[in-house]
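**Q** Pasting in a structure now, in structure tokens, and then I'll have a few things to ask.
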Amino acid sequence: MRIGIDLGGTKTEVIALSDAGETLFRHRVPTPRNDYAQTLQAIVDLVRLAEEKTGQQGSGGLGIPGTLSPYSQRVKNANSTWLNGQPLDQDLARLLAREVRIANDANCLAVSEAVDGAAAGRALVFAVIIGTGSGAGIAINGVSHAGGNGNAGEWGHNPLPWMDEDELRYREEVPCYCGQKGCIETFVSGTGFASDYQRLSGKRLSGAEIVALLAQQDPVAELAISRYELRLAKSLAQVVNLLDPDMIVLGGGMSNVERLYQTLPTLMKPWVFGRECETPVVKAQHGDSSGVRGAAWLWPLA
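According to my numbering, the sequence shown is numbered sequentially starting from 18.
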């Protein structure tokens, strides 16, 4: 049995999977914010609950909104800031008496979809989370790829490519929390989509509310989504130029906008070197379960 934990900013979820990928148990609890000791305890309690409910012991995998530094062996780049600087895998290994493998949550999405999801059987998968923030992960032959510095897939904190004049203005108006300006995340996250709509309309609406206006043929909502699609297409075209993945998988709230899967493949082509691009862009098959499933699959089949 494989046990996966998805440690999010607001909720922490456990899943227990059989070797065939069948869900044996699943449960979630609120994440103890700003308290490292309580976060550790919540994870330990979930693992023990999964083992109690299934009557089996399992391997442990954990997805986090950050990564482990290969130099300090401590968490870095986590927007759940109370994790940063902590030896999370070592502490959990001590408390659970077993090795715990840790990966970035977007890498877990990539692993889940590469193992038994929308990208099953694809050698190189690039998975994008476009929700409150925007991150990405890489799976190679179903295995999470973190890179030499632990930063592989940190796509959202590169600058939006090929900016036009309005995007250059947006860069100055909407700085990124990371301290840089013009990050892809500020444009293509759900938060960025809502920010651009507010700039165009003067109204602050949620992404879901703006998408609902599209069905009413609202011209400002249509302008906002068209700009969003082009920015996402340019950002993904840059990935094709760098990695040329076999498939791009989208997760997070904005991945539920179905028109993206019709518009993005065409919009990407002019920005890809040589203008040839048939890379499939698909929706995550496992939806909001992909992160926790991918954490479990950090222990692949022998």
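Just so it is clear, CB atoms sit at the ideal spot from N, CA and C, and this is done for glycine as well.
Going by the CB atoms, is the gap between Thr84 and Gly167 shorter than 7 Å?
**A** Locating residue 167 in the sequence shown gives position 150, counting from the first residue. Locating residue 84 in the sequence shown gives position 67, counting from the first residue. Contact flag set, yes.
**Q** In angstroms, rounded to a whole number, what distance separates the CA positions of Tyr278 and Ala114?
**A** Along the sequence shown, one-based indexing puts residue 278 at 261. Along the sequence shown, one-based indexing puts residue 114 at 97. Cα-Cα distance, rounded: 44 Å.
**Q** Grab me the residues of Arg221's own chain with a C-beta within less than 8 Å of its C-beta, minus the 5 sequence neighbours each way, in chain order.
**A** Within the sequence shown, the letter at position 204 stands for residue 221. Closer than 8 Å at the Cβ level, and outside the excluded window around Arg221, lie Ala211 and Gln215.
**Q** Do Ala123 and Ile147 count as a contact pair if the criterion is CB distance below 7 Å?
**A** The residue labelled residue 147 in the question sits at position 130 within the sequence shown. The residue labelled residue 123 in the question sits at position 106 within the sequence shown. Taking 7 Å as the Cβ cut-off, Ile147 and Ala123 do not qualify as a contacting pair.
**Q** Cα separation between Pro47 and Lys286?
**A** Within the sequence shown, the letter at position 30 stands for residue 47. Within the sequence shown, the letter at position 269 stands for residue 286. Rounded to the nearest angstrom, the two C-alpha atoms are 42 Å apart.
**Q** Is the beta carbon of Arg91 sitting closer than 7 Å to the one on Gly102?
**A** Position 74 of the sequence shown holds residue 91. Position 85 of the sequence shown holds residue 102. Yes.
**Q** Starting from Thr56, follow the alpha helix (DSSP H) in both directions and report where the run begins and ends.
**A** Working through the sequence shown from its first residue, we reach residue 56 at position 39. Tyr53 to Thr71 is the span of the alpha helix (DSSP H), which, as asked, contains Thr56.
**Q** Would you give the residue range spanned by the beta strand (DSSP E) that Ser76 belongs to?
**A** Residue mapping note: residue 76 aligns to position 59 of the sequence shown, counting from 1. Note, Ser76: beta strand (DSSP E), Ser76 to Ile81.
**Q** Check whether the stretch 304-315 touches the stretch 25-32, counting contact only when three or more Cβ pairs, one atom from each stretch, lie closer than 8 Å.
**A** Touching, yes.
**Q** Starting from the C-beta of Thr208, find all residues in its chain whose C-beta is less than 6 Å away, skip the five residues before and the five after it, and write them out in chain order.
**A** The sequence position of residue 208 within the sequence shown is 191, counting from 1. Thr149.
**Q** Between which two residues does the beta strand (DSSP E) containing Val31 stretch?
**A** As a working note, residue 31 is residue 14 in the sequence shown. Residues Lys28 to Leu34.
**Q** So what's Thr48 in DSSP terms, helix, strand or just coil?
**A** As a working mapping, residue 48 is identified with position 31 in the sequence shown. Three-state DSSP puts Thr48 in coil, outside helix and strand.
**Q** Rounded to whole angstroms, how far is the Cβ of Ala12 from the Cβ of Val266, which I believe are closer than 8 Å?
**A** Look at the range of the chain in this structure, 18 to 319, and you will see that residue 12 is not part of it.
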